[in-house]
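Below is one structure, written out as structure tokens, with a few remarks after it.
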Amino acid sequence: MCLVTLVIMLLIMPGLIDYLHKIKFGQTEREEGLASHKKKNGTPTMGGLAFIIVPTLVYIIGSFFTPFKLDMNTMIILLAFVGYGVVGFIDDYIIVVQKNNEGLKPAHKFLFQSILAVVFFFLYRTSSTTDIWIPILNVTIDLSWFYFILVFFMFTAETNAVNLTDGLDGLCAGQMVIALVPFVVFAWMQGLYNVACLICLVIFALLGYLKFNKHPAQIFMGDTGSLALGGLIAAVAMVLKQEILLIIIGFVFVAEVCSVIIQVTYYKKTHKRIFKMAPLHHHFEMCGWSEEKVVTRFRLVGVIFAVLGLVLGVM
13 MCLVTLVIML LIMPGLIDYL HKIKFGQTER EEGLASHKKK NGTPTMGGLA FIIVPTLVYI
73 IGSFFTPFKL DMNTMIILLA FVGYGVVGFI DDYIIVVQKN NEGLKPAHKF LFQSILAVVF
133 FFLYRTSSTT DIWIPILNVT IDLSWFYFIL VFFMFTAETN AVNLTDGLDG LCAGQMVIAL
193 VPFVVFAWMQ GLYNVACLIC LVIFALLGYL KFNKHPAQIF MGDTGSLALG GLIAAVAMVL
253 KQEILLIIIG FVFVAEVCSV IIQVTYYKKT HKRIFKMAPL HHHFEMCGWS EEKVVTRFRL
313 VGVIFAVLGL VLGVM
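Numbered according to my numbering, the sequence shown spans residues 13 to 327.
Structure representation (structure tokens):
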């Protein structure tokens, strides 16, 4: 199933790129953005549609012919994946088709993200506990209804964090592949083979997408893809009861969103900037790093924290 997913992605991506070119679904870089990024104007976006639809359909169709079936865990993950992808698609549609560079208003986007977080909490609550496991201490704590706050924060924060990371060719998709690998191991160790299979399908879909998203990118995932991936990894962490380790394994995503929060907060108080530009990957570009160097270094950091999270999770 994984190889089928990869082959399908490699076969359909050129046609999708040509089609998006034809209907002029192109990226529009911000006026205040880096000058080096202006050449990316017109590059097809909404590429996330491919790596959402392909692994989802492969898993659903494969569930009729393989031991890997649809259960509550995989349903929650798929609904998060597709649901947040729909929110991202609406945002992209407003930007690309209606030529409104602001996209969905932040309040509306947050509302949709919040509604989905609530839905997934109650779906999950019907089949699982509100316990969380604290790594290193190896202690399990029942948060009761406070678990809802944790889940709400996980989904809204993670979707925004992944969205902010999608700013350089190959950065977001590459980081997501790295971050998902430890969760495959956790799922397998817990005997949740359906979940492990589904995560693997997404990884192979992203590898197929990366062939066309590496520098210089032929296509971008758009909010369609980044919000979907944020929802996916938050749902995976919730289902596998690795909520705390998500922070460690997804350190690069956390650093990106924290850099924006710090920058905005500090600027409002002092009218000065801590970073040359936020999110963090743009700061390093402003320091003179090439786009490829930033992506490579961030991937190295991502691997280090993914391995650290994996080690903590299997201890």
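Built from N, CA and C at the ideal position, the CB exists for glycine as well.
- In the structure shown, D104 adopts helical secondary structure according to DSSP, grouped into three states.
- The criterion of a C-beta distance shorter than 7 Å is satisfied by M298 and K288.
- Going by C-alpha positions, N150 is about 12 Å away from I256.
- Segment contact: the region 251-270 against the region 66-80, fewer than three CB-CB distances shorter than 8 Å; contact not assigned.
- Looking at the DSSP output, D143 shares a beta bridge with D154.
- Here T282 is exposed: its Cβ has fewer than 16 other Cβ atoms, across all protein chains shown, within 10 Å.
- For P79, the three-state secondary structure derived from DSSP is coil.
- With respect to the C-alpha of V196, the residue from V319, M58 and T177 having the closest C-alpha is V319.
- Between L18 and G220, the alpha-carbon positions lie close to 5 Å from each other.
- With contacts defined as CB atoms closer than 7 Å, L180 and V272 fail to qualify as a contacting pair.
- Assigned with DSSP and collapsed to three states, P56 falls in strand.
- Nearest in C-alpha terms to I260, of all of V315, A247, I231 and L61, is V315.
- Sequence-distant Cβ neighbours of D83 in its own chain, meaning closer than 7 Å and more than five residues away, are N206.
- Judged by pairs of C-beta atoms under 8 Å, the region 221-230 does not touch the region 88-98, as fewer than three such pairs exist.
- According to the DSSP assignment, K281 belongs to the alpha helix (DSSP H) that extends over F263 to T282.
- Rounded to whole angstroms, the separation of the alpha carbons of M13 and V276 is 44 Å.
- Taking 8 Å as the upper bound for CB-CB distance, Q125 and F167 are in contact here, some 7 Å apart.
- Contact check for H293 and L183: beta-carbon distance about 6 Å, within the 8 Å limit, so the pair qualifies.
- In this structure I211 is in contact with A199, their Cβ atoms being roughly 6 Å apart against a cut-off of 8 Å.
- Cβ-Cβ distances below 7 Å link V16 to V70 in the same chain, with the five nearest sequence neighbours on each side left out; the list follows chain order.
- One alpha carbon belongs to Q230, the other to F158, and they sit about 44 Å apart.
- For the set V99, L324, S238 and H295, the Cα lying nearest the Cα of K121 is the one of V99.
- Residues of the same chain with a CB within less than 8 Å of the CB of R309, apart from the 5 flanking positions on each side, are F296 and W301 in chain order.
- In terms of Cα proximity to S140, the closest of L155, G234 and P147 is L155.
- About 32 Å separates the CB atoms of L213 and P118; that is not less than 8 Å, and the two are not in contact.
- When only Cα atoms are considered, V189 and L218 end up about 7 Å apart.
- Collapsing the DSSP output to three states places V109 in coil.
- The C-beta distance from G59 to G186 rounds to 14 Å, too long to meet the 8 Å contact threshold.
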